[in-house]
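Numbering (my numbering), first residue to last: 78 to 513.
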């Protein structure tokens with residue numbers, strides 16, 4: 078029987094092409110029924126049109142592709158649900174996530190995973206995801222939910238805590254971590270083996286070797302040389318590796334706002350020194366317009382539209398579950414003794430094996446203590462944000478902000494409370510879990 082795959086957030090036309098295009102090239106998924114959902118009906122229909130063309134071109138039209146207006150009907154009898162939604166959009170939500178904190182002197186880089194932007198993006202997204210999960214519990218209770226939406230640990234963790242749905246969070250960082258590190262250092266990454274674990278956007282390259290040779294000493298030697306000799310886009314990660322001993326999975330721009338060391342009003346020169354950008358959000362509106370123009374030019378109405386399978390995990394996970402062939406991924410799962418010096422019940426990113434029995438996380442044991450300590454500073458914020466949303470206790474939003482590493486290093490208690498109050502009011506219509 079053909080699999081049913083639901084894609085929620087299908088208006089993101091380039092991303093949906095990548096993930097569904099991968100499915101159309103996967104033998105076990107070529108006859109799938111693919112259900113598309115998005116609140117933007119115009120973009121939804123355009124994605125449907127594009128995917129039907131792609132299906133004809135690369136898959137002999139074998140898959141059934143259909144856009145739905147009704148979420149429950151789209152989800153009914155699904156085997157896999159891919160989630161890639163963005164609740165609130167750029168204007169006003171993302172703008173508020175940046176500009177209200179800026180009034181208080183708090184700068185951010187991406188603001189989608191931690192910090193004030195991450196907290197409020199999570200609070201906006203959790204109620205929507207819980208409704209999706211509720212519908213899944215009723216019409217496709219055995220389906221796997223593959224979550225791509227940030228803030229990954231907050232959103233995935235809330236679903237795992239509050240619902241019965243089998244859920245994993247999937248990010249791009251793990252797949253490209255070693256490749257990007259080695260290419261930046263002029264090293265060959267062919268046949269390199271590695272182990273990565275921690276939390277999303279702050280997982281650690283714990284081991285990297287080839288043919289039994291530990292490659293970390295050479296990595297660190299070259300990183301120190303490069304750090305001293307040139308400006309490059311990995312400076313924050315090299316500094317974290319220099320201070321804490323291990324390379325972190327996420328980029329300089331992201332990592333800079335998860336720790337209290339790089340975006341500091343008392344040391345404005347650090348932004349240039351480490352190549353950190355805090356005003357990128359001002360161009361995101363134009364970037365979205367450019368994104369859609371690119372999609373219109375390259376994808377829609379392109380009779381020769383084609384695709385090559387990407388490194389995204391989704392199609393490989395579905396293939397492994399359906400065929401019972403083992404595949405290894407890095408995924409975000411609940412910590413049930415997997416990382417022994419991080420709290421149980423929190424969301425962690427660890428290697429997992431996928432086969433016909435589902436997704437099985439791998440035991441890691443203790444992280445180096447300094448890495449676990451850094452992770453816990455981020456976990457504090459994630460867990461309090463989840464707790465606030467699931468219980469409706471608005472005071473925990475303030476607690477999350479007060480414990481955020483970057484925010485608490487920059488602002489006073491009074492300013493943090495005032496800022497959170499403004500953000501709560503600005504997001505009132507997206508936060509049904511609170512009385513505001």
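We put the CB at the ideal spot given by N, CA and C, even for glycine.
What are the partner residues of residue i, as DSSP defines its beta bridges?
{"i": "residue 278", "result": "According to DSSP, residue 278 bridges with nothing at all."}
{"i": "residue 84", "result": "113, 159"}
{"i": "residue 408", "result": "427"}
{"i": "residue 442", "result": "416"}
{"i": "residue 359", "result": "Residue 359 is not bridged to any residue."}
{"i": "residue 245", "result": "223"}
{"i": "residue 435", "result": "432"}
{"i": "residue 385", "result": "Partner(s): none; residue 385 has no beta bridge."}
{"i": "residue 174", "result": "Note: residue 174 sits in no beta bridge, so no partner."}
Which same chain residues end up closer than 8 Å to residue i when comparing Cβ atoms and leaving out the 5 residues on each side of it in sequence?
{"i": "residue 169", "result": "503"}
{"i": "residue 429", "result": "245, 405, 406, 407, 408, 410, 436, 437, 438, 439"}
{"i": "residue 201", "result": "164, 165, 170, 504, 507, 508"}
{"i": "residue 361", "result": "167, 171"}
{"i": "residue 227", "result": "189, 190, 195, 198"}
{"i": "residue 312", "result": "304, 329, 350, 351, 352"}
To the nearest whole angstrom, what separates the beta carbons of residue i and residue j, a pair I think is in contact under 8 Å?
{"i": "residue 425", "j": "residue 415", "result": "6 Å"}
{"i": "residue 463", "j": "residue 238", "result": "6 Å"}
{"i": "residue 159", "j": "residue 83", "result": "7 Å"}
{"i": "residue 140", "j": "residue 459", "result": "Not quite, the Cβ-Cβ distance comes to about 37 Å (not below 8 Å), so this is no contact."}
{"i": "residue 132", "j": "residue 142", "result": "6 Å"}
{"i": "residue 152", "j": "residue 213", "result": "6 Å"}
{"i": "residue 389", "j": "residue 96", "result": "6 Å"}
{"i": "residue 210", "j": "residue 177", "result": "That belief does not hold up - the Cβ atoms of residue 210 and residue 177 are roughly 30 Å apart, past 8 Å."}
{"i": "residue 444", "j": "residue 281", "result": "7 Å"}
Can you look up residue i in the DSSP assignment and give me helix, strand or coil?
{"i": "residue 183", "result": "coil"}
{"i": "residue 98", "result": "helix"}
{"i": "residue 343", "result": "coil"}
{"i": "residue 223", "result": "strand"}
{"i": "residue 512", "result": "coil"}
{"i": "residue 286", "result": "strand"}
{"i": "residue 353", "result": "coil"}
{"i": "residue 475", "result": "helix"}
{"i": "residue 403", "result": "coil"}
{"i": "residue 515", "result": "What the structure shows of the chain is the stretch from 78 to 513, and residue 515 is not part of that stretch, so it cannot be assessed."}
{"i": "residue 338", "result": "coil"}
{"i": "residue 374", "result": "helix"}
{"i": "residue 265", "result": "coil"}
{"i": "residue 324", "result": "strand"}
{"i": "residue 168", "result": "helix"}
{"i": "residue 291", "result": "strand"}
{"i": "residue 379", "result": "coil"}
{"i": "residue 367", "result": "helix"}
{"i": "residue 392", "result": "helix"}
{"i": "residue 107", "result": "coil"}
{"i": "residue 470", "result": "coil"}
{"i": "residue 188", "result": "coil"}
{"i": "residue 506", "result": "helix"}
Under 6 Å Cβ to Cβ from residue i, same chain only, skipping five residues before and after it: list those, please.
{"i": "residue 483", "result": "192, 334, 337"}
{"i": "residue 272", "result": "283, 284"}
{"i": "residue 103", "result": "392, 396"}
{"i": "residue 130", "result": "382"}
For residue i, which residues from the same chain have a beta carbon less than 7 Å from its beta carbon, with the 5 sequence-adjacent residues on both sides left out?
{"i": "residue 317", "result": "325, 332"}
{"i": "residue 454", "result": "482"}
{"i": "residue 144", "result": "113, 121, 122, 125"}
{"i": "residue 90", "result": "120, 123, 124, 127, 372, 376"}
{"i": "residue 399", "result": "80, 105"}
{"i": "residue 286", "result": "270, 292"}
So residue i is in the alpha helix (DSSP H); what residue range does that whole segment cover?
{"i": "residue 136", "result": "118-136"}
{"i": "residue 307", "result": "That residue, residue 307, is in no alpha helix (DSSP H); it is neither H nor E in DSSP."}
{"i": "residue 214", "result": "192-216"}
{"i": "residue 141", "result": "Not the alpha helix (DSSP H): residue 141 falls in the beta strand (DSSP E), residues 141-144."}
{"i": "residue 256", "result": "250-261"}
{"i": "residue 151", "result": "148-152"}
{"i": "residue 495", "result": "490-503"}
{"i": "residue 485", "result": "482-487"}
{"i": "residue 234", "result": "229-239"}
{"i": "residue 28", "result": "The structure shown has nothing for residue 28, since the chain only spans 78 to 513."}
First and last residue of the beta strand (DSSP E) that includes residue i?
{"i": "residue 79", "result": "Neither: residue 79 is in no beta strand (DSSP E) and is coded neither H nor E."}
Does the distance between the C-beta of residue i and the nearest non-hydrogen atom of the ligand FMN fall short of 7 Å?
{"i": "residue 352", "result": "In the structure on display, the ligand FMN does not appear, and there are no ligands present to speak of."}
Quick check on residue i - is its C-beta less than 8 Å from some C-beta in chain C?
{"i": "residue 92", "result": "Although the question refers to chain C, the structure presented lacks it and comprises just one protein chain."}
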